[in-house]
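According to my numbering, the sequence shown holds residues 1255 to 1375 in order.
Ideal Cβ positions, reconstructed from N, Cα and C, are used throughout, including at glycine.
This report refers to the structure that appears directly beneath it.
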Amino acid sequence: EIIVFHKLEREDMRHIIEIQIKRLRQQLVERDVTIEFTNEALDKLAEEGYDPAFGARPLRRTLQRMIEDPMSEMILRGEIPNGSKVVIEPNDMSSEDINEEESIVDIKVTQPKEIVKVESE
């Protein structure tokens, strides 16, 4: 019996990437960190993580290399404290332009504001 797999469409890749991101969001809940992806960033990551020969299999590694690994380093350096909001946006880089330490997306962090308690007399 032969099983035929159809080529993944853009919507399929988007659905797969959203499943992967859901797992990442669950991990960040422990740190009270929220993460948002612009539509353009999702499209760019989906494009980078797709291979005609392997389908969406490289997508997991793309997310790890472009998002998870850099965010882990940022957390360790204290650049993403608990309560932060992280926004993933595309940049002007393409996969051909980058080295191992660069990414096709930018990670922007909004740190939580300190609440200052003012005592009244």
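If you run the structure through DSSP and keep just helix, strand and coil, what is Asp1305? strand
Whole-angstrom distance between Glu1255 and Ser1357, CA atom to CA atom: 42 Å
Sequence-distant residues of the same chain with beta carbon closer than 6 Å to Arg1285, five excluded per side: Apart from sequence neighbours up to five positions away, the residues of its chain that approach Arg1285 with a beta-carbon distance below 6 Å are Asn1336, ordered along the chain.
Can you tell me which of Glu1265, Lys1261, Pro1324 and Glu1272 puts its alpha carbon nearest to the alpha carbon of Glu1290? Glu1272
With Ala1310 and Gly1303 assumed to form a contact (beta carbons below 8 Å), what rounded beta-carbon distance in angstroms separates them? 7 Å
Separation of Leu1282 from Glu1327, as counted between CA atoms: 14 Å
Would a C-beta distance cut-off of 8 Å place Val1359 and Lys1276 closer than the cut-off? no
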